[in-house]
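Novice: Going by my numbering, the sequence shown opens with residue 68, and the numbers climb by one from there. No residue lacks a Cβ here, since even glycine has one placed at the ideal position from N, Cα and C. My questions will all concern the structure given below.
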Amino acid sequence: MGKRILIVDDAAFMRMMIKNIVTKNGYEVVGEAENGQVAVELYKQLKPDLVTMDITMPEMNGIDGVKAIRRIDPNANIIMCSAMGQQAMVMEAIQAGAKDFIVKPFQQDRILQAIERVLARAGQ
68 MGKRILIVDD AAFMRMMIKN IVTKNGYEVV GEAENGQVAV ELYKQLKPDL VTMDITMPEM
128 NGIDGVKAIR RIDPNANIIM CSAMGQQAMV MEAIQAGAKD FIVKPFQQDR ILQAIERVLA
188 RAGQ
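See the structure below:
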């Protein structure tokens, strides 16, 4: 059975891009959220194996989303998605508990590498 992924990004186009890449490679997308707040609620319900989390979003940004999810599940596997030039925010997200990051524009190989690496480290 493919690993279950929750995709979080305020841009529907970005969610679709990630979804296409991961489903094509044997992962199951169990949910999509347009901000950190929705992501936290979906995480509680769906208990995915991994979350891809955009940094800059309305309502609740990705860093606060990571913190909130990690309060629910300290072992949560979260990969941050950032635009170029967001290094300081990426560092903050890693300190908050994100396990890896990928930079937009996305490259399929880099997304898959990050997912495989994080899941391997988690022993899944």
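Give the DSSP bridge partners of Gly98, in chain order.
Specialist: According to DSSP, Gly98 bridges with Leu73.
Novice: Thinking C-beta only, is Arg71 closer than 7 Å to Val97?
Specialist: Yes, the pair counts as a contact, with Cβ atoms nearer than the cut-off.
Novice: Do you know how far the Cα of Thr119 is from the Cα of Ile178?
Specialist: Taking the straight line joining both Cα atoms gives about 9 Å.
Novice: Quick check: Ile182 and Ala165, are their CB atoms within less than 7 Å of each other?
Specialist: For Ile182 and Ala165, no; Cβs fall outside 7 Å.
Novice: What are the uninterrupted segments assigned as alpha helix (DSSP H) that are 4 or more residues long and contained completely in the stretch 141 to 181, given in chain order?
Specialist: If we require 4 residues or more, the alpha helix (DSSP H) runs fully inside the stretch 141 to 181 come out as 154 to 163.
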